Amino acid sequence: MKPFDLCGPLPTGTCVLEASAGTGKTYAITALAVRYLAEGHHRLDQIMMVTFSRAATSELRHRVHARLRSTAAALAAWLEHGTVPLDEVDALLVQAPTQEVVQRMQRVRSALAEIDAATIATTHEFCSRMLSGLGLLVDHDHTTRFVQNVDDLARQVISDVYLAREVNGQASQPGKLATWDQYRQVGRAALREPDARLVPVEATGLSRDRVDFATEVRRQFDLRKRRSGIYTFDDMVSRLRDALVHPRTGALASQMLSSRYPLVLIDEFQDTDPVQWEIVREAFVRQRSTVVLIGDPKQAIYAFRGADVFAYLQAVREADEVFTLPSNHRSDAAVVDGVLEVFAQAAMGSDQIIARPVTARHTNPRIAGPSSSPAVQVRCLTGAPRGGHGATAGARAVDADLCREVVGLLEDGWQVQEGEGWRPVQARDIAVLVRTNRRGEQVKRSLESMGVNAVFGGASSVMTSEAATSWLLLLRALVDPSTQAMKRAALTCLVGWEEAELAAAVAADEGQGASTRSVSELAVQVKTLGRILDAQGVPAVFEALCDQTDLYRRLLTHHDGERLMTDVRHIAQLLNEAAVRHELGPLALTEWLADRIEEAQHGQDDDRTRRLETDASCVQIMTIHGAKGLEFPVVLLPEAANMPHQEARAGQPTVLHLDGERVLDVGVDAQWQHRQRSRQHQEADESLRTLYVAMTRAKSRLVMWWAPTKTNTQGSPLHRLLQGPRRPGTTPELSYELPADPTDVPGLDRRLVQLVAVEPAPPRVRELAPSRHSTMAARSFTREVDQTWRRTSYSGLTHEVHGQRIAPVEQAGLDEVEIGQDPVVHLVLDDALAEAALDEGPAAGTTPDATASPLAPLPGGTQFGSLVHGVLEMTDATSPTLRADIAGHIAHLAQRLPVDGLDAEVLADGLVQVIETPLGRVADGLRLRDIPPTDWLAELDFELPMGPSTRGGRLTNLADIATALQDPALTGDDAFAARYGAHLAASDVADKTLHGFLTGSIDAVLRTTGDDRQHFWVVDYKTNRIPVAEGEQLTCRHYVPEAMRVAMIEAHYPLQALLYCVALHRFLRQRLPGYRPEIHLGGVGYLFVRGMAGEGTPVVDGMPCGVFTWLPSTALVERCSDLVGGL
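Here it is, written out as structure tokens:
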């Protein structure tokens, strides 16, 4: 396998990069992407980057963005100052003629500006996008909705298929599957592995019945999902695969995908599965796209989630080239060499899966202690009884020594390098990695008993916690307050009775003694909580418990109280969310919680992962799977030589790999034992890979434990590696006998790996420094709360004065909400109409005619405004089926935004006219109809910091903006700006402080290319009515420029427009290469849609009726941006 050179020829065809732990695969991905972009091989929108989790996707997007920024800066520095880049890839990019380097910098900057449009996605996100993009080429109903959790439907299907077989007599025949539990196990396994082939294929008797049942469950489940209009993660993948392999349309679908993405970079490819690999192969590999697959088969440890390392190996066989990344950037050389020595190039499932030598970048140790022992150590416990410890005793012995080791690391002078200096080892530098959540909790308790702060960051479900059980028992009592249910609830952590208290209360109730508590008191409490639950929900129950039972004080005084309190609050939140989202009553909510607790034994949702109870400096305890991708200065592995032997029970469904294919074994035939032997070998291989992942988390020190046990040590990964043949490419046997001397390992280089015999020793408790405070007291809050800081918006700034009127010679008007008939408004509007004259059309120079307003008959109000905004946001104005599209959007949105008296046909016709109306100076005279979706950014959300840029700087307010609007040096002869500035200065909101965050959403930003330059326009839709005289019909002539100025000023829309311009200015400044506001900022268009009537819309003073145009100066926008501040 050849080492990969990032500065060598770029890969073409299909290339596999095997990236061992710590060799910088993310750096390699981002560097490759930048090279393809900078050298002009592909644009950003032609590159697809895929990884296998949302967290990894977010991290990859961040890293790509950072890499583009650093490369753009490096190229600019070289061009401006001749500074040679330190990064090897950046240094390569400047090794070209100056003009080519300039072009490379421009390409990188363009990619940086378009980073939000980059396709960086999880596998499922990619599949979802492609399902939408392939249209009729895929069997997918786009009206269906995605559902993440379909456990309820799965249970229902399994039950229904079971009952149907019972009714039809299929399950009662001699020799057939007979129990509900067995049916349920088979059904669940079949749905968890929807693409695994069912075996045995040539089944008879009981095995045939099990295969038939699993097949029918899958069929019914798919049918029910389609009938219910839902689909899942698995459906995304399988439907895209089916579209690509379809005999008639598959080739066309594949060509569409490969033409869109000629370059595909896939991270963590060892976690792929056969269906996902089939998609990549059909869509890209066989279409000769450039495909770079980056992964490490030694880290393929997610078989339980459907990942299949054999799919990775198949990709390797079909690849044009296979490389390896040669340098380890994570671990010290002593750790790298020690890990390689332990594995001795043993095969971990295939002779292609071995730990290959790599070069460590950190040649010197970054940790120092009282002794100069090797960085990798195996602590072999002695003193066990003949035949070894029992499993529990062995774990206890390991924990005792682990605690001594941790205390020693913290108190015996160990130091780690940080930057250029050294500091003492802290608890947060140490990670203890375990296989299971249960084991992690045990280690945590052991460390805490020795005075060491520890936190378990395992991905256990909160539904497995004591808090979940307590809530379930309490809810059952609230739903059915029987005596037994109330007694069970009383003993939960939520109610807080002790067993002795309950026994005494029961005895006292029966006349056998006295008690401070009574059963009747308990009954009253439970019934009161039940009424609260019915009336106010779970949050109110939680608050009542806090008040009645002193919940916080009780729980936090218990051992592990922070953990318990965190879980109690988490469950309360989940219960409330479920009750609101699914409209569950108390009984249904109780059943929901019971189902979730049962599901937690098989899997979990991210929302139910237990939260950390503290972020203090603690020893980090994690599962090995949870630690994948992380690194720690010191790693401790108490279970490296502990692997419980688990035999599958006869008839238990199992997943394994047979003859190059992933299968689900549901049979009980004569070949079952043979298949199970294959499964054991595959699981043992994965245990070796899991140990590799755990060991390679260490940066500077790695400690593992070996303890002789009766059954768990013999088949453990560390024991197999140490006792195995130690020949390259050889897989260790499934188990080896316990040696007489575990430190005697022939062929092991003791200079790299230290084997230490550890005798039983007394516990070592950490001596903590005495507290500086003799007594604890609550802290007093002495700081002042900044009352000026707020998160606000245009509406928040001006809501107090919407509709506020002043002298008619200045202005009058309205806001988005319909207003009444005000004589001041009519006075101003009558003057405006009398003075207005048409610029265009047959009546040019005359008063505007009474062109009917297409939307005049329709109702008003905020709901109608939201409906119009929503339709315009969803509509592609260039669509050849514009009228039908708008009608469809109205029908869809009207269900969520019902408007009384709405005529959908009139609205559809009116919005077509809006889109057909010329916009005058806005958008360089185009119509919305002429703006393609690529030049139309709908709903640009923003959140801008406000306030002084330096601590203690002066706070600005709206009066400062009013001053800027009236400053001729900023606005020139802009009379509208000065007019509004005077209005703002005299308003009640002039003293509103600009401090905190300003949030909002611009209805649309339009991009035009007048004069061969890009111009960007702020567009906002308004459904306001201009007031008319009683009995008069609203027409386009009511929306002449002066009337719209009146409306704008009275509603403080110029302030909104100015703030939107500031937001757009800051957005373009960050995203648009070569941005110059005097060129690129176009202006503002407020579209009063009731005044727009299509091509025949009257034009007055150069402004189409209904299209208010304002071109605030660049100086004004920049000054207002400075006043908003926050930068």
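Residue numbers (the UniProt record's numbering): 1 to 1127.
Just so you know, even glycine gets a beta-carbon here, dropped at the ideal spot from N, CA and C.
The structure presented is a predicted model; accordingly, all values stated were derived computationally and were not measured.
Residue i: buried (16+ other C-beta within 10 angstroms of its C-beta) or exposed?
i: A355; result: buried
i: L656; result: buried
i: D90; result: buried
i: N149; result: exposed
i: R750; result: exposed
i: R1037; result: buried
i: C7; result: exposed
i: P262; result: buried
i: K2; result: exposed
i: E840; result: Unreliable positioning characterises E840 in this predicted model, as indicated by a pLDDT of 47, which lies under 50. The coordinate reading is nonetheless provided below. The residue is exposed, with fewer than 16 neighbouring Cβ atoms inside 10 Å.
i: V432; result: buried
i: V524; result: exposed
i: E647; result: exposed
i: A535; result: exposed
i: I1079; result: exposed
Return helix, strand or coil for residue i, following the three-state DSSP convention.
i: V462; result: helix
i: F781; result: coil
i: F4; result: coil
i: F221; result: helix
i: N364; result: coil
i: A33; result: helix
i: V309; result: helix
i: F1108; result: strand
i: T875; result: coil
i: H142; result: coil
i: Q620; result: strand
i: R227; result: helix
i: P85; result: coil
i: H246; result: coil
i: S735; result: coil
i: R750; result: coil
i: S331; result: strand
i: W277; result: helix
i: T12; result: coil
i: E863; result: Strictly speaking, residue 863 in this sequence is Gln, with Glu absent from that position. Q863 falls in the helix class under three-state DSSP.
i: A315; result: helix
Just grab the DSSP bridge partners of residue i for me.
i: Y1021; result: L1087
i: H389; result: T709
i: S1001; result: D941
i: G24; result: Paired residues: none, contrary to the question.
i: F323; result: K2 and L17
Give me the Cβ distance between residue i and residue j, rounded to the nearest whole Å; I'm assuming they're in contact under 8 Å.
i: R366; j: V416; result: 6 Å
i: D337; j: L998; result: Going by Cβ atoms, the distance from D337 to L998 rounds to 56 Å, so no, they are not a contact pair.
i: A72; j: R109; result: 5 Å
i: G394; j: N712; result: 7 Å
i: P857; j: D903; result: 7 Å
i: residue 1134; j: V201; result: Residue 1134 cannot be examined here, being either before or after the span of the chain that is shown, 1 to 1127.
i: L984; j: L970; result: Not quite, the Cβ-Cβ distance comes to about 14 Å (not below 8 Å), so this is no contact.
i: D900; j: P859; result: 6 Å
i: V102; j: W78; result: Between W78 and V102 the Cβ distance is about 10 Å, and since that is not below 8 Å, they are no contact.
Q) Between the segment 968-982 and the segment 1046-1061, are three or more C-beta pairs nearer than 8 Å? A) Pairwise C-beta distances place the segment 968-982 in contact with the segment 1046-1061, as three or more of them are shorter than 8 Å.
(Q) For the structure I just gave you, are there three or more beta carbon pairs, one from the segment 246-255 and one from the segment 210-227, closer than 8 Å? (A) Too few Cβ pairs lie closer than 8 Å, so no.
Q: Could you tell me whether the segment 680-698 touches the segment 627-638, where touching means 3 or more Cβ pairs closer than 8 Å?
A: For the pair of segments examined, the segment 680-698 was found to touch the segment 627-638: the number of CB pairs separated by less than 8 Å reaches three.
Q.
Quick test of the definition: if touching needs 3 or more C-beta pairs under 8 Å, does the segment 41-50 touch the segment 346-361?
A. Fewer than three beta-carbon pairs drawn from the segment 41-50 and the segment 346-361 are found closer than 8 Å, and the two stretches are therefore not classed as touching.
(Q) Within 8 Å, do at least three Cβ pairs link the segment 15-31 to the segment 316-326? (A) Enough Cβ pairs lie closer than 8 Å, so yes.
Q) Are the segment 1078-1088 and the segment 1012-1019 touching by the rule of at least three beta carbon pairs closer than 8 Å? A) Short answer: they touch.
Q. On the three-pair Cβ rule with 8 Å, is the segment 1090-1104 touching the segment 1115-1126?
A. These segments do not touch.
Q: Would you be able to state if there are at least three C-beta pairs under 8 Å between the segment 658-665 and the segment 632-642?
A: Counting C-beta pairs closer than 8 Å gives fewer than three between the segment 632-642 and the segment 658-665, which falls short of the contact rule.
Q) Do the segment 568-585 and the segment 495-514 meet, that is, are 3 or more Cβ pairs less than 8 Å apart? A) They do not touch, by the three-pair rule.
Q: Answer yes if the segment 680-692 comes into contact with the segment 362-378, meaning at least three C-beta pairs across the two stretches below 8 Å, and no otherwise.
A: Not touching, per the Cβ criterion.
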